[in-house]
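Top line first, the protein sequences correspond to chains A and B. Numbered according to our numbering, the first sequence spans residues 11 to 121. Numbered according to our numbering, the second sequence spans residues 255 to 370. In this text, a Cβ means the ideal position worked out from N, Cα and C, and glycines have one as well. Worksheet: the structure to be examined is printed underneath.
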Amino acid sequence: GDSVTQMEGPVTLSEEACLTINCTYTATGYPSLFWYVQYPGEGLQLLLKATKADDKGSNKGFEATYRKETTSFHLEKGSVQVSDSAVYFCALANSGYALNFGKGTSLLVTP
Amino acid sequence: KAGVTQTPRYLIKTRGQQVTLSCSPISGHRSVSWYQQTPGQGLQFLFEYFSETQRNKGNFPGRFSGRQFSNSRSEMNVSTLELGDSALYLCASSQKRTNPVTDTQYFGPGTRLTVL
Chain A
11 GDSVTQMEGP
21 VTLSEEACLT
31 INCTYTATGY
41 PSLFWYVQYP
51 GEGLQLLLKA
61 TKADDKGSNK
71 GFEATYRKET
81 TSFHLEKGSV
91 QVSDSAVYFC
101 ALANSGYALN
111 FGKGTSLLVT
121 P
Chain B
255 KAGVTQTPRY
265 LIKTRGQQVT
275 LSCSPISGHR
285 SVSWYQQTPG
295 QGLQFLFEYF
305 SETQRNKGNF
315 PGRFSGRQFS
325 NSRSEMNVST
335 LELGDSALYL
345 CASSQKRTNP
355 VTDTQYFGPG
365 TRLTVL
């Protein structure tokens, strides 16, 4: 069946450092890929998405490119801020409305 | 536009009781999905409703059920609560159901259920 694997956290970075959170997937067909972010005590917020191969999603300085050849959708940001501290989830949609999530990666950015 | 709202935000129940959680989707959204989030299992899909009909169901026991009303508001019910049902229950809404693979799901803040 479909699955999403993302790097385990926690990831700790200093402010203004570069961020990469790896995400790979297994799926048949042509899934859509998403990154959601969860701040403490809150629900999930959509960060970005890509619906076909080679699409690049971007939002708030974050980017991710849908790579079908490597089945990956890595999240990147050039300069993180303290306010980016949160848990990041990679997710896949392949049929119906059942999003398939990775385990989440906790990010802590220190001043 | 108001986001997805969920009530109550926190709930404490004891084993064997039942509980009903409520979700109001974004205005104009007609699809509502429910997810369970636990530290051990992560985020798992429960079910999805569209036009008052359950369209998809995850791998959960029959104790978990839901319904959707004509105004798209949704409720989920858990009967005979177990300790393992303690979790954050998230509701998500989508505007259309033209293409489930590409539609975006917008999440509410969740209901934190604690079973003692």
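Closer than 9 Å by beta-carbon distance: list the chain B residues that pair up with residue i, in chain order.
i, result
"A/Ser-116", "Under the 9 Å cutoff, chain B gives no residues; its nearest Cβ is about 12 Å from A/Ser-116."
"A/Pro-41", "Val-355"
If you count every other CB in all the chains shown that lies within 10 Å of the CB of residue i, and 16 or more means buried, which is it?
i, result
"A/Pro-63", "For clarity, residue 63 of chain A is Ala in the given sequence; the question names Pro instead. It is exposed - the Cβ of A/Ala-63 has fewer than 16 other Cβ atoms within 10 Å."
"A/Ala-71", "Contrary to the premise, residue 71 of chain A reads as Gly rather than Ala in this sequence. A/Gly-71 should be labelled exposed."
"A/Asn-110", "buried"
"A/Thr-22", "exposed"
"B/Cys-345", "buried"
"B/Gln-271", "exposed"
"A/Cys-33", "buried"
"A/Lys-66", "exposed"
Below 7 Å on C-beta distance, what does residue i contact in chain B?
i, result
"A/Glu-8", "An answer regarding residue 8 of chain A cannot be provided, because it is not within the stretch 11 to 121 covered by chain A."
"A/Thr-61", "Thr-356"
Give me the Cα-Cα distance between residue i and residue j, rounded to the nearest whole angstrom.
i, j, result
"B/Val-286", "B/Ser-328", "7 Å"
"B/Gly-257", "B/Cys-277", "11 Å"
"B/Phe-304", "B/Lys-311", "12 Å"
"A/Ala-60", "A/Leu-29", "19 Å"
"A/Ile-31", "A/Glu-18", "9 Å"
"A/Thr-55", "B/Asn-331", "Before going further, note that residue 55 of chain A is Gln rather than Thr in the sequence given. Straight-line Cα distance between these residues: approximately 25 Å."
"B/Arg-321", "B/Phe-301", "10 Å"
"B/Asp-339", "B/Thr-368", "8 Å"
"A/Glu-86", "B/Pro-315", "38 Å"
"B/Tyr-343", "B/Tyr-289", "6 Å"
"A/Gly-112", "B/Pro-354", "19 Å"
"B/Asp-357", "B/Arg-263", "26 Å"
Please list, in chain order, the chain A residues whose beta carbon lies closer than 8 Å to that of residue i.
i, result
"B/Asn-310", "Gly-106, Tyr-107 and Ala-108"
"B/Tyr-360", "Leu-56"
"B/Gly-296", "Phe-111, Gly-112, Lys-113 and Gly-114"
"B/Ser-348", "Tyr-107"
"B/Ser-305", "Result: empty, since nearest Cβ-Cβ is about 13 Å, beyond 8 Å."
"B/Leu-265", "Simply none; closest approach about 15 Å."
"B/Leu-344", "Gly-53 and Leu-54"
Output, in chain order, the set of chain A residues within a Cβ distance shorter than 9 Å of residue i.
i, result
"B/Leu-302", "The residue asked about is misnamed: residue 302 of chain B is Glu in this sequence, not Leu. Within 9 Å Cβ-Cβ: Gly-106, Tyr-107 and Ala-108."
"B/Phe-299", "Gly-106, Tyr-107, Ala-108, Leu-109, Asn-110 and Phe-111"
"B/Ala-285", "Note on residue identity: the sequence assigns Ser, not Ala, to residue 285 of chain B. The contacting residues are Tyr-107."
Under 7 Å Cβ-Cβ, which residues of chain A neighbour residue i?
i, result
"B/Leu-367", "Correct list: empty, because the minimum Cβ distance to chain A is about 14 Å."
"B/Leu-370", "Near B/Leu-370 there are no residues of chain A at all, since even the closest Cβ is about 21 Å away, more than 7 Å."
Between the stretch 95-116 of chain A and chain B, which residues of the former have CB atoms less than 9 Å from a CB of the latter, in chain order?
-> Phe-99, Ala-101, Ala-103, Asn-104, Ser-105, Gly-106, Tyr-107, Ala-108, Leu-109, Asn-110, Phe-111, Gly-112, Lys-113 and Gly-114
May I have a chain-ordered list of the beta strand (DSSP E) segments no shorter than 3 residues that lie completely inside the stretch 255-304 of chain B?
-> 259-261, 264-267, 273-278, 285-292 and 296-304
Curious, which full-length beta strand (DSSP E) runs of at least 3 residues does the stretch 45-105 of chain A contain?
-> Taking 3 residues as the shortest admissible run, the stretch 45-105 of chain A contains the following complete beta strand (DSSP E) segments, listed from N- to C-terminal end: 54-60, 66-69, 72-75, 85-87 and 96-103.
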